[in-house]
Amino acid sequence: MNLPVRNLVVVLVAALLVAVSPGAVSASGDGASARSAPVTALQSRIAGDDKRTRFVVDVDSEVVFGVFTLADPYRVILDLPETVFRLAPEEGREGRGLVAAYRFGLIGPGKSRIVLDTNGPVKVDKAFVVAAVDDQPARIVVDLVATSREEFLAALALEPARPRVGRTAPSNGILEAVRPGAGPQAREIVVVIDPGHGGIDSGARSKNGTLEKDVVLAFSKQLRSALSAGGRFRVEMTRTDDVFVPLAERVAFARSREASLFISVHADSVAAGGVSGATVYTLSERASDAVAAALAEQENRSDVIAGVDLSGETDDVADILIDLVQRETKNYAVFFARTLVDKLKAHTGVVKNPHRSAGFKVLRAHDVPSVLLELGYLTNSDDEKHLTDSEWQQRIARSVAEAVSSYFGENHARAPF
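Using mature numbering (1 follows the signal peptide of the UniProt record, and there is no 0), the letters of the sequence shown correspond one by one to residues -26 to -1, 1 to 391.
Written out as structure tokens, the structure is:
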């Protein structure tokens, strides 16, 4: 299998029209520091063919931006300071020439990103900004030309390595599965809520334009309120606004907080609009069914969608001690999943066989019991009505909070083997 590779180039643009050859510049690739006020992207367009393609974004002011490429799959990444995208929702769904499609959004505090999916290896021939003239706004321009994989890899060898996303271990360096009955006397009960997707990664979309990233963030805030109400839990969230968080950072966030439980919140979509109801997933290297396998593959593409460089990823489960701890952690996760399913059934519809499993990257914390909750299907009109209704969100959030309380209750203070 070919590993993802990256080809980095940065473009520094001043007030005048500047054209820079990407191969002549090297820097960190993270773009320039954010301005005091966000840039506004007004419109985008593509022109060209399968030999040469130009991508243009109209902006309200000139901007410093970074450009680099990734392969497997092939992408061109434009890193910008914080940008407000006033682009039509349908922009980017269809490409032209060398560009198959593109997407845009926040990638982190003060940083935005545009990701161009390309139909094969490309070279950034030119990248520059055209200054505003009369009634014409400033424009970001990126010219792409087709190239071979061999030429791409040759150029890659000349570029500096990009920093990798790290994983954070517990502060004491000791791996220990979090026992559900540990209680506040033994340690603080920290519950991490993970609203899926965000920023440049919108997740599923309904035919009415409802976005998964918005639905799950709203629900997660309701769940935070429900869990915090009793004062028993300290609740943390991997994101509290519309920003992208890489999968590895979500896992690292839970581990660095020494979380006792991790709940990743999502909303699904399928071609068959009649499918509805909630599902709870736990981690398993072998998927419980084809639907679970397909969903895991889809969710695991989140980093690819956002243009994250995965070429340095390693499998942490090689260590036998880590493997043993993870087995115990999985058992606790399964125990909570069953409790959660029981609570959900009393308050909302669930799918057939509502507890399923697959290889979700976001559930791979070795020492934090983790589940992925699919609230429903945005492709189902009834589910969409529920998912966007605040009263429904509050009711289901309370049922999830009840499941968490039961999981950590006195009667569950034993290992679920």
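The C-beta atom is built at its ideal place from N, Cα and C for all residues, glycine as well.
Per DSSP, reduced to three states, the secondary structure at D188 is helical. Under DSSP, I237 takes part in a beta bridge, and its partners are I167, V345.
Within the same chain, A192, F193, Q196 come within 7 angstroms of Q367 by CB-CB distance, once the 5 residues on both sides are set aside. Burial is judged here by how many other beta carbons sit within 10 angstroms of a residue's own beta carbon; G204 has fewer than 16 and is exposed. R179 sits in a strand when the DSSP states are folded into three classes.
DSSP, read as helix, strand or coil, puts I370 in helix. Taking C-beta atoms as the reference points, R208 and E162 count as a pair closer than 7 angstroms.
Contact between T256 and K304 holds: CB atoms are separated by about 7 angstroms, below the 8 angstroms threshold. Counting C-beta atoms within 10 angstroms of its own C-beta, V107 has fewer than 16 neighbours from the protein chains shown and is therefore classed as exposed. In terms of Cβ geometry, A200 and V342 do not form a close pair [threshold 7 angstroms]. Counting C-beta pairs closer than 8 angstroms gives fewer than three between the stretch 37 to 44 and the stretch 64 to 82, which falls short of the contact rule. By the criterion of a C-beta distance shorter than 6 angstroms, S344 is surrounded in its chain by F236, A307, L337, once the five residues flanking it on both sides are discounted. DSSP places S86 inside the beta strand (DSSP E), whose first and last residues are 85 to 92.
For L361, there is no enclosing beta strand (DSSP E); the residue is part of the alpha helix (DSSP H) that begins and ends at 355 to 361. Around the beta carbon of A241, 16 or more other beta carbons lie within 10 angstroms, which makes this residue buried. The continuous alpha helix (DSSP H) containing A264 extends over residues 264 to 273. Between V30 and R113, the C-beta spacing is below 7 angstroms. Taking a 10 Å sphere around the C-beta of G183, we find fewer than 16 other C-beta atoms and assign the residue as exposed. At the C-beta level, V315 and R231 stay beyond 7 angstroms of one another.
Rounded to whole angstroms, the separation of the alpha carbons of N327 and S355 is 21 angstroms. Under the three-state reduction of DSSP, K25 is assigned to coil, being neither helix nor strand. A direct Cα-to-Cα measurement between G22 and K100 gives close to 14 angstroms.
In the structure shown, the three-state DSSP call for E162 is coil. If the five residues before and after F59 are omitted, its C-beta is found closer than 6 angstroms to the C-beta atoms of A15, F78, all from its own chain and listed in chain order. Around the Cβ of K25, a 10 Å sphere holds fewer than 16 other Cβ atoms; the residue is exposed. In the three-state DSSP reduction, A375 falls in the helix class (H, G or I). Shown here, S18 sits in a strand according to DSSP, grouped into three states.
For I81, the enclosing beta strand (DSSP E) starts and ends at 73 to 82. Just measuring C-alpha positions, the residue of S373, T92, S250 sitting nearest R198 is S373. For E210, there is no enclosing alpha helix (DSSP H); the enclosing beta strand (DSSP E) has its first and last residue at 208 to 211. With fewer than 16 other Cβ atoms inside 10 Å of its own Cβ, L127 counts as exposed. The beta carbon of E348 is closer than 8 angstroms to those of H240, A241, D242, A252, T253, V254, Y255, L269 in its chain, skipping five residues each way along the sequence.
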